[in-house]
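These protein sequences, in sequence, are chains Y and X.
If you're matching positions, the first sequence starts at 784 in the working numbering and goes up one per residue.
If you're matching positions, the second sequence starts at 784 in the working numbering and goes up one per residue.
Ideal Cβ positions, reconstructed from N, Cα and C, are used throughout, including at glycine.
The model shown is predicted, which means the values in this text are computed figures rather than measured ones.
2 protein chains.
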Amino acid sequence: MVFTLKICIIGFGTVGRGIVELIHKKNLDIEVVGICARNCCVYDRNGINLEHLIKNTAGLPLEKYPKADMALDTDKMIDTKCADVYVELTPTNIDHGEPGYSFIKRILSNSCHVVTSNKGPMVLHSRELKQLAKKNNVELLYEATVGGAMPVLNLVRENLRGNSIQSIRGILNGTTNYILTRMAAEGAPFAQILKEAQELGIAEKDPAYDVDGIDAAAKAVIIANEFFSKDSGMKDVDMTGITRITPEFVSLAGKNGFSVKLIVEVSDNVLRVAPRLIKKSHPLAVDGTLNALNLKLDMAGEVTVVGYGAGKYETAGAVISDILSIKN
Amino acid sequence: MVFTLKICIIGFGTVGRGIVELIHKKNLDIEVVGICARNCCVYDRNGINLEHLIKNTAGLPLEKYPKADMALDTDKMIDTKCADVYVELTPTNIDHGEPGYSFIKRILSNSCHVVTSNKGPMVLHSRELKQLAKKNNVELLYEATVGGAMPVLNLVRENLRGNSIQSIRGILNGTTNYILTRMAAEGAPFAQILKEAQELGIAEKDPAYDVDGIDAAAKAVIIANEFFSKDSGMKDVDMTGITRITPEFVSLAGKNGFSVKLIVEVSDNVLRVAPRLIKKSHPLAVDGTLNALNLKLDMAGEVTVVGYGAGKYETAGAVISDILSIKN
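Shown next as structure tokens:
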């Protein structure tokens, strides 16, 4: 039976807006029945008029939208079970995972599907949440948490069936890759390139999450728990950032045919994020804000995938692909 | 309901043997009930003893196997419908597509699933065969025809759902990539490297299929028909091989930061195979026998996948992944 999938979006930031815009522009067979922000929701059981919503929320918080209901909170929207799929996009917090963790538990307990781009709950509670999804016979999909638009989790699950993964190595943070790429190209010091990246909006004002390797480590944990049946946490990651990389080191590496990259390594007994020398001819040696992941597999040999790990539409696209996979 | 998938393998060459070995070694939940070679079949409705078969057919044609039935031909094996999935692995012929074309038609008409690594039928008759599969409500899967172990068709179908493909570019022939890589590294002429590649078994005795771009063009046709809803054939491909590439040209390109690669280009109005200059820092600039494919997509931006396009276990692994996707 063909039916239109109903979704409710929780979190109306960059990615949430990107999803709404793409569903509208591409006329995808997905009906948005609810959108929740911190202190209000928009709800229409017959499908929100996305054109009207997009036009009237540009640059504005959702509460300024005339149709926003300030009395309707996210928990209520979850409990109405108005949607087949709840799309959880609240800000990532890898210390306590909230508010995403509680929302996802509530949705799964209601036997509704979850698609999320939120690393926090998956880093802290993946085993519990996967079991809850299984128990309630619903999907919990989170492709966008690792590598944004670059297929990783679904690539292995759906395209490389039957393969055993021996090890995974890759670049999972675009900000640090951008900084290292520019250090190599210009011979400039870390601090200077970081400052320029902040001005360009590529690095955050508080850059620690990226440059200390925390973001990459969070993704490493999700990968370890997914592919090596671990129940790992951030404390299990051997983590070194890029703050002490000097332009002299990058230059010396370059002269010898190597690029310096912040590399995530995951295998049955390794869980590490650290700067590594990668041969320039190796498929992982990608530049700029690109992410890349190399999988060593028993049948396929090595498969590498390269793509954009962040970006409004790139991340929104990964979420939409997950949503559509539930339908099909 | 969990059940063990029954398969019948048609064609017992390198890939067929690789599949049998992998199913046995990895103890995959797949039962091989039939294996067909040119002039005999092995059949056991309760599952062929793979350990016995592997031990007693090493280096030998299937007809030397004591349990081979010389009176049983492939058509009969297809008509018994002994298997859920028929795995069609006969040699590729891109002029007439036989014998694979007739086998695949017969299997689909019997409402059995087909997994194939055979480019010929898909280059010549993809529209007809896809329609026949649809009419009989069975799967026709052919991931291994494009890029071997490198996921391409299933990557787009299953991981990048909702994306519109704007264009595809890539390296889809490992032999020519190996030759060009060595020409760049050693400054040696095409003919010399080709000869050495032939001695190493990387290039065929008749190298035209690879070096003239025919193999890459066949894959380009499959991609065009798959992703751009074309009904293209080999005659529609604007094809140039690598035989006239000089070491001087490769060297000059290298000095300017470029690699010379035999590139397949497919979009709504382009279907081309030709040598191209690729920036060394671009994800497509992979060396050796690697294949690589870069997809421009409306949501995900650019995604590149890199992997081995050939090889006994690599290709067998792609076929097995297709088989397992039917099960799940």
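{"Query": "With DSSP as the reference, label residue 1025 (chain X) as helix, strand or coil.", "Result": "coil"}
{"Query": "Taking the runs of the alpha helix (DSSP H) that are 4 residues or longer, which of them lie wholly in the stretch 1083–1111 of chain Y?", "Result": "1095–1110"}
{"Query": "How would you label residue 1044 (chain X), buried or exposed, when you count the other beta carbons within 10 angstroms and need 16 or more for buried?", "Result": "buried"}
{"Query": "Would the stretch 980–998 of chain Y and the stretch 957–964 of chain Y be scored as touching if the rule is three or more Cβ pairs under 8 Å?", "Result": "yes"}
{"Query": "On a CA-only basis, which of Y:1015, Y:1079, Y:1106 and Y:1075 is nearest residue 929 (chain Y)? Give me that one, please.", "Result": "Y:1075"}
{"Query": "Residues of chain X with a CB under 8 Å from the CB of residue 1103 (chain Y): which are they?", "Result": "944, 945 and 1082"}
{"Query": "What are the boundary residues of the beta strand (DSSP E) that includes residue 813 (chain Y)?", "Result": "813–819"}
{"Query": "With 8 Å as the threshold, decide whether the Cβ of residue 933 (chain X) is near any Cβ in chain Y.", "Result": "yes"}
{"Query": "Throw me the rounded Cβ distance for the residue 1007 (chain X) and residue 1049 (chain X) pair, which I believe falls under 8 Å.", "Result": "5 Å"}
{"Query": "Taking the alpha carbon of residue 1095 (chain Y) as the reference point, which residue from Y:790, Y:954, Y:804 and Y:789 has its own alpha carbon closest?", "Result": "Y:804"}
{"Query": "Can you tell which of Y:906, Y:858, Y:957 and Y:879 has the C-alpha that lies nearest to the C-alpha of residue 891 (chain Y)?", "Result": "Y:858"}
{"Query": "Taking buried to mean at least 16 other C-beta atoms within 10 Å of its own C-beta, is residue 817 (chain X) buried or exposed?", "Result": "buried"}
{"Query": "Buried or exposed for residue 853 (chain Y), please, with buried defined as at least 16 other CB atoms from any protein chain shown within 10 angstroms of its CB.", "Result": "exposed"}
{"Query": "Which same chain residues, not among the five before or five after residue 1110 (chain X), have their C-beta less than 7 Å away from its C-beta?", "Result": "788"}
{"Query": "Assuming residue 1066 (chain Y) and residue 972 (chain Y) are in contact, meaning their beta carbons sit under 8 Å apart, how far apart are those beta carbons, in whole angstroms?", "Result": "Contact doesn't hold; Cβ gap of about 29 Å is too wide."}
{"Query": "Is the Cβ of residue 1070 (chain Y) closer than 8 Å to any Cβ of chain X?", "Result": "yes"}
{"Query": "Check whether the stretch 912–928 of chain X touches the stretch 880–890 of chain X, taking contact to mean three or more Cβ pairs, one atom from each stretch, closer than 8 Å.", "Result": "yes"}
{"Query": "Using a C-beta to C-beta distance shorter than 8 Å, which residues of chain X count as neighbours of residue 1012 (chain Y)?", "Result": "Under the 8 Å cutoff, chain X gives no residues; its nearest Cβ is about 17 Å from residue 1012 (chain Y)."}
{"Query": "Taking the alpha helix (DSSP H) that residue 807 (chain Y) falls in, what are its first and last residues?", "Result": "797–808"}
{"Query": "What are the residues that DSSP puts in a beta bridge with residue 1057 (chain Y)?", "Result": "Y:1046"}
{"Query": "Quick one: residues in its chain with C-beta nearer than 7 Å to the C-beta of residue 908 (chain Y), no 5 flanking neighbours on either side, listed in chain order?", "Result": "880 and 884"}
{"Query": "How about residue 1085 (chain X) and residue 1090 (chain Y): do their beta carbons lie closer than 8 Å?", "Result": "yes"}
{"Query": "Sorted by chain position, which residues of the same chain lie with C-beta nearer than 7 Å to residue 898 (chain Y)'s C-beta, five sequence neighbours on each side aside?", "Result": "868, 870, 924, 1102, 1105 and 1106"}
{"Query": "Need the endpoints of the beta strand (DSSP E) that residue 789 (chain X) sits in, please.", "Result": "788–793"}
{"Query": "Does at least one heavy atom of the ligand NAP sit under 7 Å from the Cβ of residue 1049 (chain X)?", "Result": "In terms of ligand content, the structure shown is empty, and the ligand NAP therefore cannot be addressed."}
{"Query": "Return helix, strand or coil for residue 952 (chain Y), following the three-state DSSP convention.", "Result": "strand"}
{"Query": "Quick check on the DSSP output: what are the complete alpha helix (DSSP H) runs of length 4 or more inside the stretch 965–1041 of chain Y, in order along the chain?", "Result": "973–982, 991–994, 997–1010 and 1030–1038"}
{"Query": "Determine the burial state of residue 1040 (chain X): buried for a count of at least 16 other Cβ atoms within 10 Å of its Cβ, exposed for fewer.", "Result": "exposed"}
{"Query": "Run down chain X in chain order and give the residues with a C-beta less than 9 Å from the C-beta of residue 1099 (chain Y).", "Result": "1082"}
{"Query": "Comparing the C-beta of residue 961 (chain Y) with each C-beta of chain X, is any distance below 8 Å?", "Result": "no"}
{"Query": "Residues of chain X with a CB under 7 Å from the CB of residue 897 (chain Y): which are they?", "Result": "Here the premise fails: no neighbours, minimum Cβ distance about 17 Å."}
{"Query": "Which residues does DSSP list as the beta-bridge partners of residue 737 (chain X)?", "Result": "Here chain X has residues from 784 to 1111 only, and residue 737 (chain X) is not among them."}
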